[in-house]
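Right, one structure below, let's go through it.
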Amino acid sequence: MTPSVLSRLARVAALGAVLIAVSPPRSGEARPAAVNQVERDGTVVTITVPIDLHLSEGQRFRVPGQGTTDGAGLASWWESGAEAIWNSGLSPYLFRGCYTLRVDVEINVVAQDPFSGDPDHHQVYLQQSGYRSQVWRGGGADKNQDDPNPYSNNALGRWGTIGPTTVAHEVGHLLGLADDYTDVRDSSGKTVGVQSLPGRDGTFMDNYRRGTPSTWFDQELVDRLGEMAGIVEPLPPCFQGTVHIVQEDDLGGHTRRAILDVALAVDPNDAGELQGLATGTFDLEGRVTQGGCEFSYSTSVGVSLELSAAGEGDGPYTVTAKAPQRVEETQRHALCDTPVDLTIEWEIGLTIEDVFFDDGRYEFTDESTDIVLFYSGR
Ligand SMILES: [Zn+2]
Numbered sequence: 282m283t284p285s286v287l288s289r290l291a292r293v294a295a296l297g298a299v300l301i302a303v304s305p306p307r308s309g310e311a312r313p314a315a316v317n318q319v320e321r322d323g324t325v326v327t328i329t330v331p332i333d334l335h336l337s338e339g340q341r342f343r344v345p346g347q348g349t350t351d352g353a354g355l356a357s358w359w360e361s362g363a364e365a366i367w368n369s370g371l372s373p374y375l376f377r378g379c380y381t382l383r384v385d386v387e388i389n390v391v392a393q394d395p396f397s398g399d400p401d402h403h404q405v406y407l408q409q410s411g412y413r414s415q416v417w418r419g420g421g422a423d424k425n426q427d428d429p430n431p432y433s434n435n436a437l438g439r440w441g442t443i444g445p446t447t448v449a450h451e452v453g454h455l456l457g458l459a460d461d462y463t464d465v466r467d468s469s470g471k472t473v474g475v476q477s478l479p480g481r482d483g484t485f486m487d488n489y490r491r492g493t494p495s496t497w498f499d500q501e502l503v504d505r506l507g508e509m510a511g512i513v514e515p516l517p518p519c520f521q522g523t524v525h526i527v528q529e530d531d532l533g534g535h536t537r538r539a540i541l542d543v544a545l546a547v548d549p550n551d552a553g554e555l556q557g558l559a560t561g562t563f564d565l566e567g568r569v570t571q572g573g574c575e576f577s578y579s580t581s582v583g584v585s586l587e588l589s590a591a592g593e594g595d596g597p598y599t600v601t602a603k604a605p606q607r608v609e610e611t612q613r614h615a616l617c618d619t620p621v622d623l624t625i626e627w628e629i630g631l632t633i634e635d636v637f638f639d640d641g642r643y644e645f646t647d648e649s650t651d652i653v654l655f656y657s658g659r
């Protein structure tokens, strides 16, 4: 039997709702980082905090699980403990909707004298037990004002024989973060207590003992840290979000649905082109009617589109799929009692115009997906 080929071409604009979170690029020149290093690899931003820990030769320390250890044992306990607190605290949050922040603490043991440290490292001196650990960030930093000075100039710390949680709080100051509490003083100026700043009760830069690991970190703290990092390493616009497409298409008799997760990274060359992937599932349903007979079809395709966004500053950007994804599938159906083979050819593309980065969402004027149906009777 000679197949009779009927074809339909549907080229329509899909309508959908788009939800993304974006932020404007920072303006201004980056500062050189001499002490804390900030490195961006795609959307992962790592802040390295180098610390010289001044200890007397032969000093021994009690470290839980390790008994008595030397300075290197203390340093590695502090380093791994502080990193674990920061990185587990930061990991649920994104800065500007796409950047993951990481903290790398490097503690080197040096001799207990002011001349033995590296000027490009923070200098921390160990005090007797019971000493209230402090960091002087320099640059005239207000106790309650974040300040990027520790990225370009070394800070001085005097820490007691403390545990990793307190070390991690002090590392927060070396990251440029201010305390989220103020000291309460009596009439003679003596500190008699502390008062959390509004809304910061139990956060990590507050008196963290008033909170728990689940209250220590929040979006505000992550945003403040990202602002510090962004001063020394420009963090270009980026976004990640979800594209919802729901489209009923009278012309082709299709209903298509897709939920695509868009994770646009950043252009490593800052040339105004963001790049990334949209991945998800594209579902298609439809109905074919001929000569009083009809059949329904449906299919589902995993989609992975490489996207680029071209634009400048706050936008508009145009987001396009670099190459449409082509899919071909043949299904057996029946028109009344006559078997037919239905071939579905998809060209799944994505074009979103007028993407603005200034208000956390974007509008678009066009998305297109081509669907071609062939069905052949037998
Ligand atoms: Zn503090």
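Sequence positions in the sequence shown follow this note's numbering and run 282 to 659.
Glycine included, each C-beta is placed from N, C-alpha and C at the ideal position.
- prompt: Should residue 416 be counted as a contact of ligand 1 given a C-beta to heavy atom distance under 8 Å?
  reply: Here residue 416 is taken as the residue at index 135 of the sequence shown, counted from 1. Within the chosen limit of 8 Å, ligand 1 reaches the beta carbon of residue 416 through at least one heavy atom.
Quiz item: With respect to the beta strand (DSSP E) encompassing residue 387, which residues constitute its N-terminal and C-terminal limits?
Solution: The residue labelled residue 387 in the question sits at position 106 within the sequence shown. That run of the beta strand (DSSP E) goes 381-392.
Grab me the residues of residue 473's own chain with a C-beta within less than 6 Å of its C-beta, minus the 5 sequence neighbours each way, in chain order.
Position 192 of the sequence shown, counted from the first residue, corresponds to residue 473. Counting only residues of its own chain and dropping the five nearest sequence neighbours on each side, residue 473 has a CB closer than 6 Å to the CB of 465, 467.
* Asked: From residue 624 to residue 604, what distance separates their C-alpha atoms?
  -> If you number the sequence shown from 1, residue 624 lands on position 343. If you number the sequence shown from 1, residue 604 lands on position 323. The alpha-carbon atoms of residue 624 and residue 604 are separated by roughly 22 Å.
**Request:** Quick one: using the 10 Å Cβ neighbour count with 16 as the cut-off for buried, is residue 325 buried or exposed?
**Result:** Your numbering for residue 325 matches position 44 in the sequence shown. Residue 325 comes out exposed.
**Asked** Which whole-angstrom value is the C-beta distance of residue 559 and residue 588, which I expect to be below 8 Å?
**Response** Residue numbering aside, residue 559 sits at position 278 when the sequence shown is read from its first letter. Residue numbering aside, residue 588 sits at position 307 when the sequence shown is read from its first letter. Taking C-beta atoms under 8 Å as the contact rule, residue 559 and residue 588 qualify, at a distance of about 5 Å.
Check: Can you name the start and end residues of the beta strand (DSSP E) that residue 629 belongs to?
Finding: Working through the sequence shown from its first residue, we reach residue 629 at position 348. Segment 619-629, the beta strand (DSSP E) holding residue 629.
Go ahead and label residue 377 buried or exposed: buried means 16 or more other beta carbons lie within 10 angstroms of its beta carbon, across all protein chains shown. Reading the sequence shown from its first residue, position 96 is the one you call residue 377. Per the 10 Å Cβ criterion, buried.
key: DSSP-derived helix/strand/coil call for residue 345   = The sequence position of residue 345 within the sequence shown is 64, counting from 1. In this structure, residue 345 counts as coil in the three-state DSSP scheme.
Using only CA atoms, which one of 567, 374, 383 lies nearest to residue 321? Taking the sequence shown and counting its residues from 1, the one referred to as residue 321 is at position 40. Restricting attention to 567, 374, 383, the CA atom closest to the CA of residue 321 is found in 383.
- For residue 334, which option in 323, 364, 436, 429 has the closest C-alpha, if you only look at C-alpha atoms? Here residue 334 refers to the residue found at position 53 when the sequence shown is read from its first residue. Ranked by how close their Cα comes to the Cα of residue 334, the residues 323, 364, 436, 429 have 436 in first place.
Alpha-carbon spacing of residue 565 relative to residue 499, whole angstroms = Looking up residue 565 in the sequence shown gives position 284. Looking up residue 499 in the sequence shown gives position 218. Each residue's alpha carbon lies about 40 Å from the other.
Fill in: Pocket of ligand 1 defined by Cβ to heavy atom distance under 6 Å
Any residue whose Cβ sits closer than 6 Å to a heavy atom of ligand 1 makes the list: 450, 454, 460.
Select from 471, 487, 470 the residue whose C-alpha is nearest the C-alpha of residue 478. Taking the first residue of the sequence shown as position 1, residue 478 is located at position 197. Comparing Cα-Cα distances from residue 478 to each of 471, 487, 470, the minimum goes to 487.
Counting Cβ pairs, one atom from each stretch, are 3 or more of them under 8 Å apart for the stretch 426-436 and the stretch 403-417? Short answer: they touch.
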